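A short write-up of the structure that comes next.
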């Protein structure tokens, strides 16, 4: 016959299980929409087909020569392209929808590069974005 557990042990075990499930849920939320898209170099700018972007909340572009991807999102104001490197200690960011999270120290940024939570106190490096009928251009 198993020994009964105390109330404190029960709460501790249930709390650990709940935290584990919450963490797993956040991890899966970040991964479910993550999509890398192909690009072409068009002179000194990156060209991405709109058809690869429109149905997604955001896309990531891994460019040769850059140590982190570019986060490309769109909203009512148009397209935004952010370099996914935290301005605090230069860690690569992880996207969770329209929020970019730094796994090193917890800084968070919005899709336009603004700091939402520190310790970072500088906005992200943003790229100039233009578009035509078929493509989005990042400079």
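Residue numbers (our numbering): 36 to 174.
Just so you know, even glycine gets a beta-carbon here, dropped at the ideal spot from N, CA and C.
Owing to the predicted nature of the structure, the values given are computational and were not obtained by experimental measurement.
- Under a three-way DSSP split, which group does residue 85 fall into? Three-state result, residue 85: helix.
- Sub-8 Å separation of residue 165 and residue 84 beta-carbons: Cβ atoms of residue 165 and residue 84: not closer than 8 Å.
- Task: Buried or exposed for residue 41, please, with buried defined as at least 16 other CB atoms from any protein chain shown within 10 angstroms of its CB.
- Result: Result: exposed.
- Message: Between the alpha carbons of residue 123 and residue 133, how many angstroms are there, rounded?
- Response: When rounded, the separation of the alpha-carbon atoms in residue 123 and residue 133 is 19 Å.
- Item | Length of the line joining the Cα atoms of residue 140 and residue 128 | If I take the Cα positions, the gap works out to 11 Å.
- By a C-beta neighbour count over all protein chains shown, 10 Å radius and 16 as the cutoff for buried, is residue 46 buried or exposed? The residue is exposed, with fewer than 16 neighbouring Cβ atoms inside 10 Å.
- For my contact list, residue 115 and residue 161 are in at a C-beta cut-off of 8 Å; report their separation, rounded to the angstrom. Between residue 161 and residue 115 the Cβ distance is about 7 Å, and since that is below 8 Å, they are a contact.
- Query: To the nearest angstrom, how far is it from the Cα of residue 100 to the Cα of residue 173?
  - Reply: In a straight line, the C-alpha of residue 100 is about 15 Å away from that of residue 173.
- Item | Terminal residues of the beta strand (DSSP E) in which residue 90 lies | Looking at the DSSP string, residue 90 is not in any beta strand (DSSP E), and its letter there is neither H nor E.
- Task: Look up residue 97 in the DSSP assignment and say whether it is helix, strand or coil.
- Result: Of the three classes helix, strand and coil, the one that applies to residue 97 here is coil, per DSSP.
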